[in-house]
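Below: the structure, in C-alpha cells.
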C-alpha cells in the first residue's frame, strides 16, 4: 500500500513539473498590462486610458509559448514624417504609419513605426534608388547618409552634426569634422552617451554591398572618443 502511495505521489510530481515547465511567463505591455485568465492559460491585453491596442487582444498559452505576438499600445501626438520617393499610410489617428516606396525604389529601414504619444518608436525609413550601387566611401555630407540607416531595434539614434557637439561644455568632442578639418564645416555622425545607461546601444546599419568586395576587403573608419574618463 505504501509503495502505491509513493508511486502515485511520484506520478503527480512528474505531472506537476511538466505542467509548470509548460507555463507561460506573463508578458509586459508598455503603456498597458496583461491580465491572466483561466489559471494563466489565457491573457487579455489592456491599454491605459488614451491608448489604442494594435494587435491581438487575447492570447493562449500553448506548450510554454503564447500563440500570438505581443501587441502594442499606441497614442497620437507625433508629427507624421514625410517619405521622399514614397507614400505614407497613417492609421489609428496617425499613431501608426506604414511606408511604401515608388516603383524603382527600395525601402531601407522599418516599414512601419508607431507613436506612444510623445515620440516614434523608430526613425522613418528612406526610399533608395534600386538601380544604383552602394557608395564605397562616405563622409556623411549628404543627409541620406550614403545609404546607412538607423537600427530600428536599438536604444537611441546617431545624429548628423557639424562643428562642436551640443555637450562640448562637458568636455566632449569632437569639435570639428575629420574630412574638412578645423576650418571647415563638414559633417560627422555623433552619439551623446553622457545621459545613457550602461549597455545602451546605437547602431548604424550599412548598405548592402556586392559579395566580391568581401574578398581581401575591409572597412576603415575614423572615430573620435573624448570625455572626462575617455581619451581617444
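In mature numbering (1 follows the signal peptide of the UniProt record, and there is no 0), the protein residues as written are -17 to -1, 1 to 215.
Using N, Cα and C, we set each Cβ at its ideal position, and we do this for glycine too.
Contact check, residue i vs residue j, beta carbons under 8 Å
i: residue 54; j: residue 78; result: no
i: residue 155; j: residue 209; result: yes
i: residue 20; j: residue 29; result: no
i: residue 143; j: residue 119; result: no
i: residue 140; j: residue 184; result: no
Three-way DSSP call (helix, strand, coil) for residue i in this model
i: residue 130; result: helix
i: residue 119; result: coil
i: residue 197; result: helix
i: residue 48; result: strand
i: residue 208; result: coil
i: residue 19; result: strand
i: residue 145; result: strand
i: residue 29; result: strand
Any chain C beta carbon closer than 8 Å to residue i
i: residue 109; result: Checking the listed chains, one finds no chain C in this structure; it contains a single protein chain.
Other residues of its chain near residue i: CB distance less than 7 Å, five sequence neighbours each side excluded
i: residue -4; result: In this prediction, residue -4 has a pLDDT of 38, which is less than 50 and means its spatial position is unreliable; nothing more can be read from the coordinates.
i: residue 160; result: 145, 167, 169, 170, 171
Cβ shell of residue i (< 6 Å), same chain only, five flanking positions each side left out
i: residue 103; result: 61, 96
i: residue 122; result: 162
i: residue 132; result: 91, 92, 188
Same chain, Cβ closer than 8 Å to residue i, neighbours up to 5 away in sequence not counted
i: residue 220; result: A query on residue 220 cannot be resolved here, the shown segment of the chain reaching from -17 to 215 and no further.
i: residue 35; result: 56, 57, 58, 75, 76, 78
**Asked** Any chance the segment 43 to 53 sits against the segment 87 to 94, with 3 or more Cβ pairs inside 8 Å?
**Response** no
**Prompt:** Is the segment 175 to 195 touching the segment 105 to 121 in the sense that three or more CB pairs, one from each, lie closer than 8 Å?
**Reply:** yes
**Prompt:** Quick one: complete beta strand (DSSP E) runs, 3+ long, within the segment 69 to 114?
**Reply:** 69 to 74, 79 to 84, 88 to 91, 95 to 97, 109 to 112
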